[in-house]
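Participant: Take any residue in the sequence shown, note its place counting from 1, add 1, and you have its number in the numbering used here.
The structure is given below, and queries will be raised subsequently.
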Amino acid sequence: MRIAVIGAGSWGTAMACACGRTTETTLWARRPDLADRIMMTGSNPDYLPGVPIPDTVTATTSLAKALADAEVVVMAVPSHGFRDVLEQAAPHLPAGQPILSLTKGIERDTLLRMTEVIHEVVSGADPDRVGVLTGPNLAMEVAQGQPTAAVVAVRDLDTAARLQRLLMGPTFRVYTNPDVVGCESAGALKNVMAIAAGMAHGLGYGDNSMAALVTRALAELTRLGVAMGGNPLTFAGLAGMGDLIATCFSEKSRNRRVGVELGKGRPLAEIVGEMKMVAEGVKTTAAVLALADRYGIEMPIATMVGAVINDGRLPAELVEGLMMREAKAELHGIG
């Protein structure tokens, strides 16, 4: 078996390392200089410095070469470039081939999830064999072999089991779930909430504030995810609560880092300009709010993040309005 991982950022490289432990893997990089350095040094110095890449992993800038004879395709391209790369890859994708997205974002102009983009772009894609891998998976920790778990969401049970066997290892436990919509929407929505959690930290708030914020953030993303067609139980699992906890509390989280600096009063352009890697929540916030409007879902925390990112408001200005909203019942955690 051969696997093609499309996208040589931190998460794509970490997944190529995981796959490469047992399977011949090709890692596609957009930049020739990065592909050359990966091949020469056996590591990805730009995105996962110090982490050895197995000899079974070959880096290339040719999509045709990366996809030739690949039995599984893993897409690890950020949401804003996902469609463009996929359009270039589509002529090289056999009909019905399993395609797994690692991207946790929403396409801004169309409000499509990445699996929906795949269905739209790849004419021969089998809807039952297109899915996502998601969960509390910080790339560096996965690459270092720290124990964690993930969920692969694919509707076809045989394909899900095959991908589970392929990806599972001694330190990477993989579960299956047929709820592609729920798992995928949870992964995208939590990035916006992580920015809010970072803002709270940047403002100097303590553990009570953080616990309350993250709990209500889970309620918000669950409400919208269920309205989009997800199973409520999915949001209590690895794709929902698990990923939300990791992203909101880890100092390795890019979205949280953006929020921390915003909470300190720094301008967004300056923060983003210093980052090598994409913080998906910055680009996803407007799409999430548009989806909330489409489905008639109230999302006060996401709205606060949008006011800071899109309107230039200061986080400290918005806290009182968030706290003094109309009193409500909790309604089993998702009210």
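Glycine included, every Cβ here is placed at the ideal spot set by N, Cα and C.
Treat the numbers as computed from the prediction; the structure is a model and nothing was measured.
Is DSSP giving serine 102 helix, strand or coil here?
Facilitator: The sequence position of residue 102 within the sequence shown is 101, counting from 1. It is a strand residue.
Participant: Might you give, ordered along the chain, the residues of its own chain that have their beta carbon closer than 7 Å to the beta carbon of glutamine 89, omitting 5 neighbours on each side?
Facilitator: Here residue 89 refers to the residue found at position 88 of the sequence shown. Around glutamine 89: Leu64.
Participant: Suppose the cutoff is 6 Å on Cβ atoms and the five residues either side in sequence are ignored; what does the same chain contact list for methionine 300 look like?
Facilitator: Translated into positions along the sequence shown, residue 300 becomes position 299. Cβ neighbours of methionine 300 beyond the five flanking positions: Glu221, Ala293.
Participant: So if DSSP puts threonine 177 in a beta bridge, which residue, or which two residues, is it bridged to?
Facilitator: On the sequence shown, residue 177 is found 176 positions in, with the first residue counted as 1. Threonine 177 is bridged to Val153.
Participant: Are three or more beta carbon pairs between the stretch 109 to 127 and the stretch 250 to 270 nearer than 8 Å?
Facilitator: no
Participant: Starting from the Cα of leucine 245, find the closest Cα among Gly266, Ala228, Leu139 and give me that residue.
Facilitator: Position 244 of the sequence shown, counted from the start, is the residue given in the question as residue 245. Of the listed residues, the one whose Cα sits closest to leucine 245 is Leu139.
Participant: Below 7 Å CB to CB, which residues in the same chain sit around methionine 276 once its five sequence neighbours on both sides are set aside?
Facilitator: Here residue 276 corresponds to residue number 275 of the sequence shown, with the count starting at 1. So the qualifying residues of the chain are Arg255.
Participant: Enumerate in chain order the residues of its own chain whose CB-to-CB distance from leucine 94 is below 6 Å, with the five nearest sequence positions on each side excluded.
Facilitator: The count along the sequence shown starts at 1 and reaches residue 94 at position 93. Excluding its 5 nearest sequence neighbours in each direction, leucine 94 has C-beta neighbours in its own chain below 6 Å: Val123, listed in chain order.
Participant: Going by the DSSP bridge assignment, what does threonine 75 pair with across the sheet?
Facilitator: Position 74 of the sequence shown, counted from the first residue, corresponds to residue 75. For clarity, residue 75 is valine in the given sequence; the question names threonine instead. Val6, Leu101.
Participant: Bridge partners of glutamate 25, per DSSP?
Facilitator: Walking along the sequence shown from the start, residue 25 turns up at place 24. Answer is Arg3, bridged to glutamate 25.
Participant: What are the start and end residues of the alpha helix (DSSP H) that includes leucine 139?
Facilitator: For the purposes of this step, residue 139 is taken as the residue at position 138 of the sequence shown. Unbroken run through leucine 139: none, as it is neither H nor E.
Participant: May I ask you to report which of helix, strand or coil DSSP gives alanine 280?
Facilitator: Stepping through the sequence shown from its first residue, residue 280 is reached at position 279. Correct three-state label for alanine 280: coil.
Participant: Could you please give the first and the last residue of the uninterrupted alpha helix (DSSP H) stretch that includes threonine 216?
Facilitator: Residue mapping note: residue 216 aligns to position 215 of the sequence shown, counting from 1. Where threonine 216 is concerned, the enclosing alpha helix (DSSP H) starts and stops at 208 to 228.
Participant: Starting from proline 58, trace the alpha helix (DSSP H) in both directions and tell me its first and last residue.
Facilitator: Here residue 58 is taken as the residue at index 57 of the sequence shown, counted from 1. Residue identity check: residue 58 is valine in the sequence provided, not proline. Annotation for valine 58: no alpha helix (DSSP H) segment contains it, though the beta strand (DSSP E) segment containing it runs 58 to 61.
Participant: With distance defined between alpha-carbon atoms, name the residue in Glu331, Val143, Leu239, Asp180 nearest to arginine 217.
Facilitator: The residue given as residue 217 occupies position 216 in the sequence shown. Ranking the options by Cα distance to arginine 217, first place goes to Glu331.
Participant: Give a yes or no on whether the C-beta atoms belonging to serine 215 and valine 181 are separated by under 8 Å.
Facilitator: By one-based count along the sequence shown, residue 215 stands at place 214. By one-based count along the sequence shown, residue 181 stands at place 180. The sequence as given places valine at residue 215; serine does not occur at that position. No Cβ-Cβ contact shorter than 8 Å links valine 215 with valine 181.
Participant: Figure out for me which residue from Gly205, Arg130, Val153, Cys249 has the closest Cα to the Cα of isoleucine 196.
Facilitator: What you label residue 196 is simply residue 195 of the sequence shown in a count that begins at 1. Comparing Cα-Cα distances from isoleucine 196 to each of Gly205, Arg130, Val153, Cys249, the minimum goes to Cys249.
Participant: Less than 8 Å separating the beta-carbons of glycine 106 and proline 128?
Facilitator: As a working mapping, residue 106 is identified with position 105 in the sequence shown. As a working mapping, residue 128 is identified with position 127 in the sequence shown. No; because the gap between Cβ atoms is not below 8 Å, this pair is not in contact.
Participant: With a cut-off of 8 Å on the beta carbons, I'd call threonine 286 and glycine 266 a contact; round off their distance for me.
Facilitator: The residue given as residue 286 occupies position 285 in the sequence shown. The residue given as residue 266 occupies position 265 in the sequence shown. That pair is no contact at about 19 Å.
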